[in-house]
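Working notes for the structure below.
Below, the structure is given as structure tokens:
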């Protein structure tokens, strides 16, 4: 008999004998007052539309197309198609009672080559997402970097190039000025330690730079 079946049998037998089954401790059973029900995603995971409306490629776009990296050769060209279905996604979040939503901005959708002139369609897309969240009573929180470095910057050395400081500053300052007054919270980098650790493991993650 499987362990789960044994456990169920034990509980049923205990109840049948009138024994008290311990209840979870209140500290671990109830959420505190004011608990914020939130959801979180990353641009590369959900947006799709990797070649639409002026978006530039990121390191992940190149990485997943290398033979053997993805078992079934899937790409993120469509993903969850949130680029086109974000209003439906937000409606679903609202129906679940989500009050806060953290999502990342695709650096290469705002700046296709990482620097230079911003892409108007990319900029507008995130305004549309943020505005739709606010309209539905969901507080928007952004992550500026969720590991999807623009490929053009990767080709220049990526995070090993000291110029990455000014490149990221350009991007971050632009986002703060463009969206800052609409946001509940801004997070610079998702899981920084994990990102730094995996960047040096090319079998699992795009290399930090082409060396």
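Residue numbers (the numbering used here): 10 to 220.
Just so you know, even glycine gets a beta-carbon here, dropped at the ideal spot from N, CA and C.
What is the DSSP secondary structure of residue i, counted as helix, strand or coil?
i           : result
residue 93  : helix
residue 47  : strand
residue 104 : helix
residue 129 : helix
residue 187 : helix
residue 146 : coil
residue 140 : helix
residue 98  : helix
residue 53  : helix
residue 118 : helix
residue 87  : coil
With a CB to CB cut of under 7 Å and the five nearest residues on each side skipped, what residues in its chain are close to residue i?
i           : result
residue 201 : none
residue 102 : 48, 110, 147
residue 74  : 84
residue 82  : none
With DSSP as the reference, please indicate the residues paired to residue i in a beta bridge.
i           : result
residue 152 : 113, 196
residue 67  : 159
Using 10 angstroms around the beta-carbon of residue i, count the other beta-carbons present and answer buried if the total reaches 16, otherwise exposed.
i           : result
residue 167 : buried
residue 189 : exposed
residue 70  : buried
residue 98  : buried
residue 112 : buried
residue 79  : exposed
residue 171 : exposed
residue 123 : buried
Residues in the same chain with beta-carbon distance under 6 Å from residue i, minus the five sequence neighbours each way, listed in chain order, please.
i           : result
residue 154 : 198
residue 50  : 112
residue 163 : 68
residue 6   : Residue 6 lies beyond the residue range present for the chain, which begins at 10 and ends at 220; the question has no answer from this structure.
Please go through the same chain and pick out, in chain order, the residues whose beta-carbon is closer than 8 Å to the beta-carbon of residue i, but skip the five residues on each side of it.
i           : result
residue 64  : 58, 115, 117, 118, 121, 128, 131
residue 106 : 46
residue 108 : 45, 46, 47, 146, 147, 148
residue 157 : 51, 52, 53, 67, 68, 69, 113, 115, 116, 117
Segment contact flag, the segment 71-87 with the segment 138-149, C-beta cutoff 8 Å, min 3 pairs: Put simply, the segment 71-87 does not touch the segment 138-149. Fewer than three CB pairs are less than 8 Å apart.
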